[in-house]
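Reading through the structure tokens given below for one structure.
Residue numbers (the working numbering): 1031 to 1134.
Structure below.
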């Protein structure tokens, strides 16, 4: 299945290409997502940041979905964010989903 990107993801892609002169790789998208989650957690933790308030803020992030459609959920005792993934492949310059909901 060939999933077109959201408008926000397409704009992010174009900005990346404009800045770096090449298409982003998987690591760039992962880094963007992780940075976005950290910013959200820091905002929730507030000005008086402690390790405990940051952990509590991260654990409060549930049903997060990034601009690429990837979903992450945290909670007490659930610090990895995901328990399943999607297997995709690039063919002819486009992402194609091979299998969804691969549990681990």
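Here a beta-carbon is modelled for each residue, glycine too, at the ideal position from N, C-alpha and C.
Just so it is clear, the structure is predicted and the values come from calculations on it, not from any experiment.
Exercise for the section: Classify residue 1069 as helix, strand or coil using the three-state DSSP reduction. Expected result: Here the question's residue 1069 lines up with position 39 in the chain shown. It is helical.
Handout entry: 7 Å Cβ cutoff met for residue 1117 and residue 1108
Key = Counting from 1 along the chain shown, the entry for residue 1117 is found at position 87. Counting from 1 along the chain shown, the entry for residue 1108 is found at position 78. Not a contact, by the Cβ cut-off of 7 Å.
Problem - 7 Å Cβ cutoff met for residue 1071 and residue 1088 - result: Taking the first residue of the chain shown as position 1, residue 1071 is located at position 41. Taking the first residue of the chain shown as position 1, residue 1088 is located at position 58. In contact: residue 1071 and residue 1088 (Cβ atoms closer than 7 Å).
Practice task
List the residues that DSSP assigns as beta-bridge partners of residue 1102.
Solution key: Residue mapping note: residue 1102 aligns to position 72 of the chain shown, counting from 1. In DSSP, residue 1102 forms a bridge with 1094.
Handout entry: Between the CA atoms of residue 1058 and residue 1090 - distance to the nearest angstrom
Key = The residue you call residue 1090 lines up with position 60 of the chain shown. The residue you call residue 1058 lines up with position 28 of the chain shown. So the two alpha carbons sit approximately 25 Å from each other.
Problem - Check: residue 1076 C-beta below 6 Å from any heavy atom of the ligand ZN - result: Ligands displayed in this structure: none; no statement on the ligand ZN is therefore possible.
Practice task
Rank 1086, 1103 and 1046 by C-alpha distance to the C-alpha of residue 1093 and give the top, closest one.
Solution key: As a working note, residue 1093 is residue 63 in the chain shown. Cα-wise, what sits closest to residue 1093 is 1103.
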